[in-house]
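Down below is the structure, laid out as structure tokens.
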Amino acid sequence: MIGIYLLIGLCAAILSALPLGASNIAVINTTLKENAKQSFKIAASAGIAEVLLSYYALNCNQSIKDFFNTNLWIQMAIAGILFSVGGYLVFKKHSEKKSRTTALTQSKYATGFLLGIINPPVLIYWVIAFGVLHNNNIMLSLQSSFSVLFLFFFGVYIGKLITLYAYSKMSIIIKHKVKNITSVINKVTGVLLMGIGCIQALQLYFA
């Protein structure tokens, strides 16, 4: 019976990771521009970030709700950043010359972790998810047994990893069918980021 917490964590993380977000886009972009091995590094560290966010949401459930309700400017700032970065990718001119990248960009583990951890919508998702679980008499707290918490958070990690891996596999199919992929991906990534920024801004406006 205790194994149900592994399944709950797995399913909850998959639902969290399915919507196209920054981590998903990074995995797709890296797979297309480089290879699946490099994108797996992003997925592995993004999974750790997902576990930390879910842990924090479990520990500070009500505090997080109050913080975001009283500081909507944070979500608006993130929406603006996403839109700006997306616009830059869409309208910048493609160059064949290879540019030097920073150490942070070269580190796929750091990229995956940062994109995963700086993600307020996912944090809010986990707050809501824990509320739904509690409403359905599935009690989970930091006072739960070690085995329950371990299985749940292990399920969260695996769920995030599986979902991002699936995005990577789909990207490989695209890579083999589309030529001159770099320019195309910059445009697509830019449009997606702008779309995510707009959606987040609209959600705040109509909330």
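Here the working numbering runs 1455 ahead of the position in the sequence shown, where the first position is 1.
All residues carry an ideal CB built from backbone N, CA and C; glycine is no exception.
Fair warning: this is a prediction, and the values are worked out from it, not measured in the lab.
How is the alpha helix (DSSP H) around LYS1492 delimited, first residue to last? 1491 to 1514
Span of the alpha helix (DSSP H), counted from its first residue to its last, around ILE1480: 1477 to 1488
Consult DSSP for ILE1459 and reduce its assignment to one of helix, strand or coil. helix
Proximity of LEU1604 and ASN1514 at Cβ, strictly below 8 Å: no
Do you know offhand how far ILE1536's Cα is from SER1602's? 40 Å
Nearest-angstrom Cα separation, counted from GLY1464 out to ARG1555: Caution is warranted here: a pLDDT of 40 is assigned to ARG1555, below 50, making its placement in the model unreliable, and the coordinate value is therefore given only provisionally. About 39 Å.
Rounded to whole angstroms, what is the Cα-Cα separation between HIS1589 and LEU1595? 7 Å
Would you list, in sequence order, the uninterrupted alpha helix (DSSP H) runs of no fewer than 4 residues that lie entirely inside the segment 1561 to 1591? 1563 to 1572 and 1575 to 1590
Closest Cα partner of VAL1506 within the set VAL1577, ALA1565 and ILE1457: VAL1577
Does DSSP put LYS1626 in a helix, in a strand, or in coil? Here the sequence assigns Ser to residue 1626, which means Lys is not the residue at that position. Three-state result, SER1626: helix.
With H, G and I counted as helix, E and B as strand and the rest as coil, what does DSSP make of MET1594? coil
Straight-line gap, THR1560 to ILE1497 (C-alpha atoms, nearest Å): Confidence in THR1560 is poor, its pLDDT being 48 and thus under 50, which makes the residue's placement too unreliable to answer from.
Which residues in the same chain as ILE1469 place their Cβ atom closer than 6 Å to its Cβ, once the five residues preceding and following it in sequence are excluded? GLY1614 and THR1618
Alpha carbon to alpha carbon, how far is LYS1552 from ILE1579? Confidence at LYS1552 is low in this model, with a pLDDT of 43, below 50, so the placement of that residue is unreliable and no value is reported for it.
Mapping the DSSP letters down to three states, classify LEU1473 as helix, strand or coil. coil
Suppose the cutoff is 6 Å on Cβ atoms and the five residues either side in sequence are ignored; what does the same chain contact list for ASN1479 look like? TYR1622
If you draw a straight line from the alpha carbon of PRO1474 to that of ALA1481, how long is it in whole angstroms? 13 Å
Pair within 8 Å by beta-carbon distance, ALA1499 and LEU1616: yes
Could you have a look at SER1602 and say whether DSSP puts it in helix, strand or coil? helix
Does the separation of the CB atoms of ALA1501 and GLY1571 fall below 8 Å? yes
Let me know if VAL1582 comes out buried or exposed under the rule of 16 or more other beta-carbons within 10 Å of its beta-carbon. buried
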